[in-house]
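Numbering (the working numbering), first residue to last: 461 to 1043.
Each residue gets a CB set at the ideal place from its N, CA and C atoms; glycine is no exception.
Taking it in order: structure first as structure tokens, then the write-up.
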Ligand code: ADP
């Protein structure tokens, strides 16, 4: 009765019946009330009689419990219940309307407080409607003939009310199951099963009028027991052998695209032994449910789990509409399960890679550290040997070759240690305001000998005075030193290196440009990779470890800054770094 049109037709039918009673059986008033689903009161929706009584009675509500109490003391006249006024204990206000009749003590005559009702029960014995009549036209309490005439209308009323209620319950079921489906479909992009259950649990239990639910998922090998996800509040510890029964049954049902109902009487699954059946019934008793809707979950040919919705008490039937909606939900949840699984697999892989990366960094840091001390000792001894007088030319050559090799190793070890440090997420980032102009001036000072030796022209374009960024001084020093020394290293003698600093809305932009070798497009893609050195022979001939730019990139990322570059082979290169301003 959710649709206005259906409701109007229904009320019309009841009004016709009520008029039939007044006109054909002979009463001044006939009224019909209905108890809608889940509503524990009867509402008067059709009244035949005087305008005044119609006005007072229409919409009048009486609690079902009160009517039931009243009926329990009534005289049974077939389907009719007669409560003579002397037995009536319903509050007069509850009646809604009392006829203006002269009370009489004559047992043959109708008393204004007499009640004559026909309760309408559904198949489950619930009171769903009431036909009541008042004021017989002959003013006499109805004789057997009149009662029989009235009874015919009771049958009609019963049919009309039950059919309408069934229609409306069906419509309600469709609405609820559809709502549950929509919610499940919406959450199927959620990435964890726990989250999916959390979101759709209420929609599923409300939508299916269930008291609880759980989902069993199968392991990826399809064999293990998988996880049980409960709806909140209902702890379900599913015994191992029941999980196995559930898994086999779900597979079978998925193959035939079917759901099944498990009541106190066992289902049409056909795969269970008597022992297994008993196990299920006793499990249902343990969790205090009387009916379960068992739904397989899957995607494509693969069955991935099962969903169980539980009911308790009288409402045991799962309608075909509900079963169909549940099967559709089985598909949606199946897809969600596949998504969640893929995501979980990816997350595990990322964790493993991260772990591996951590291990690699720790290994490099440890080895580098262990190599550092012997290397310092070697360099000390080389220096000592160099100062020995009267060395032959070939010995001196050997010593300087040892020194060059040891210095190269030392540079590599230093870079490896820095790389391990700047990539370590456990080292806390503690930014302070750092004057980038001062850092650049210091770097240029340190590189002065190289710059002069190569006769490089250095242009610095920066605003006057300090320019503060938020960062770590040692890291920023490393960034500037690497970029400027690369520009100097990869620019032929007589070229130009330009360093510019500019303030932007939230950042400071550092640009280091050169008129050097440039970088080929093929090399550009790999520039920030660890140990990458150019494929350009002119660049490889120069000393380097291939770690400088990797370190620069990590430091910039640690500062939540950005780095980019542009380069043309044979023309020059520009690196641009943005760092957060400190104001
Ligand atoms: P390294 O300089 O120690 O080789 P980097 O990581 O600093 O290592 O640089 C990686 C590679 O990028 C270098 O080998 C070089 O080929 C190229 N490169 C870096 N900066 C420049 C530049 N300013 N001009 C040309 N090539 C450059």
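Exercise for review: Measuring alpha carbon to alpha carbon, tell me which of 473, 590, 467 ends up nearest residue 523.
Suggested key: 590
Review point. Mind checking whether residue 929 and residue 1040 have CB atoms under 9 angstroms apart?
Key: yes
Practice item. May I ask which residues mark the beginning and end of the beta strand (DSSP E) holding residue 924? Key: From DSSP, residue 924 is part of no beta strand (DSSP E); its letter is neither H nor E.
Practice item. Using only alpha-carbon positions, find the residue among 942, 735, 804 that is nearest to residue 879. Key: 942
**Study point:** Residue environment, residue 693, which counts as buried when at least 16 other CB atoms sit within 10 Å
**Key:** Low confidence applies to residue 693: its pLDDT is 49, below 50, so where it sits in the model is not reliable, and the reading given next is rough at best. Classification of residue 693: exposed, given that the 10 Å Cβ count is below 16.
Point to revise | Residues bridged to residue 968 (per DSSP) | key: According to DSSP, residue 968 bridges with 963, 1039.
Check your understanding: With residue 570 and residue 595 assumed to form a contact (beta carbons below 8 angstroms), what rounded beta-carbon distance in angstroms separates them?
Key -> 7 angstroms
Review point. Can you list, in chain order, the stretches of the alpha helix (DSSP H) that have 4 or more residues and sit fully within the region 515 to 588?
Key: 524 to 532, 552 to 555
Check your understanding: For residue 469 versus residue 491, is the C-beta distance shorter than 9 angstroms?
Key -> no
Review point. Any chance the region 986 to 998 sits against the region 1008 to 1016, with 3 or more Cβ pairs inside 8 angstroms?
Key: yes
Check your understanding: Whose CB is closer than 5 angstroms to a heavy atom of the ligand ADP? List the residues in chain order.
Key -> 946, 947, 950, 976, 977, 979, 993, 994, 999, 1004, 1005, 1006, 1008, 1009, 1033
Point to revise | Three-pair Cβ contact test at 8 angstroms for the region 853 to 860 versus the region 885 to 893 | key: no
Check your understanding: So, is residue 1003 buried or exposed, given that buried needs 16 or more other C-beta atoms within 10 angstroms?
Key -> exposed
Review point. Quick one: what's got a C-beta closer than 6 angstroms to residue 980's C-beta in the same chain, skipping five residues either side?
Key: 1029
Review point. What separation, rounded to the nearest whole angstrom, lies between the Cα atoms of residue 519 and residue 504?
Key: 5 angstroms
Point to revise | Endpoints, the alpha helix (DSSP H) within which residue 790 is located | key: In the DSSP annotation of this structure, the continuous segment of the alpha helix (DSSP H) that includes residue 790 starts and ends at 780 to 846.
**Study point:** Where residue 603 sits in the DSSP three-state scheme
**Key:** coil
Exercise for review: Report yes if the CB atom of residue 960 is closer than 9 angstroms to the CB atom of residue 899, and no otherwise.
Suggested key: no
**Study point:** Reduced DSSP secondary structure (H/G/I, E/B, other) of residue 692
**Key:** Residue placement at residue 692 is flagged as unreliable, the pLDDT there being 49, under the threshold of 50; the coordinate-derived value follows with that caveat. Residue state, collapsed to three classes: coil.
Check your understanding: Considering only residues of the same chain and omitting the five flanking positions on each side of residue 535, which have a CB-CB separation below 8 angstroms?
Key -> 541, 542, 543, 544
Practice item. Could you name the residues of the same chain whose beta carbon sits closer than 6 angstroms to that of residue 610, not counting the 5 residues immediately before and after it, in chain order? Key: Same-chain partners within the cutoff: 485.
Check your understanding: Can you tell me whether DSSP reads residue 943 as helix, strand or coil?
Key -> helix
Exercise for review: Measure from the alpha carbon of residue 488 to the alpha carbon of each residue in 984, 561, 465, then state which is nearest.
Suggested key: Of the candidates 984, 561, 465, 561 places its Cα closest to the Cα of residue 488.
Review point. Among residues of its own chain, excluding the 5 on either side of residue 925, which ones have a beta-carbon nearer than 8 angstroms to its beta-carbon?
Key: Excluding sequence neighbours, residue 925 sits near 897.
Check your understanding: Are the CB atoms of residue 767 and residue 786 nearer to each other than 9 angstroms?
Key -> Yes, Cβ-Cβ distance for residue 767 and residue 786 is below 9 angstroms.
Check your understanding: For residue 704, does the count of other Cβ atoms within 10 angstroms reach 16, so buried, or fall short, so exposed?
Key -> exposed
Point to revise | Closest residue to residue 479 among 1033, 494, 510 (Cα-Cα distance) | key: 510
Check your understanding: Contact check, residue 780 vs residue 713 under 8 angstroms by CB: the rounded distance?
Key -> With 8 angstroms as the limit, residue 780 and residue 713 do not qualify as a contact, their Cβ atoms being about 16 angstroms apart.
Review point. What are the complete beta strand (DSSP E) segments, minimum 3 residues, inside the region 998 to 1041?
Key: 1022 to 1028, 1032 to 1040
Point to revise | Identity of the residue in 807, 736, 482 nearest residue 598 by Cα | key: 482
Point to revise | C-beta atoms of residue 910 and residue 972 nearer than 9 angstroms | key: no
Exercise for review: Give the range of the alpha helix (DSSP H) segment to which residue 743 is assigned.
Suggested key: 734 to 746
Check your understanding: Taking the C-alpha atoms as reference points, what is the distance between residue 615 and residue 628?
Key -> 20 angstroms
Review point. Residue 751 lies in the beta strand (DSSP E); which residues open and close that run?
Key: Element bounds for residue 751: 751 to 759.
Point to revise | Minimum C-alpha distance to residue 914 - residue among 890, 976, 582 | key: The shortest CA-to-CA distance from residue 914 to any of 890, 976, 582 is the one to 976.
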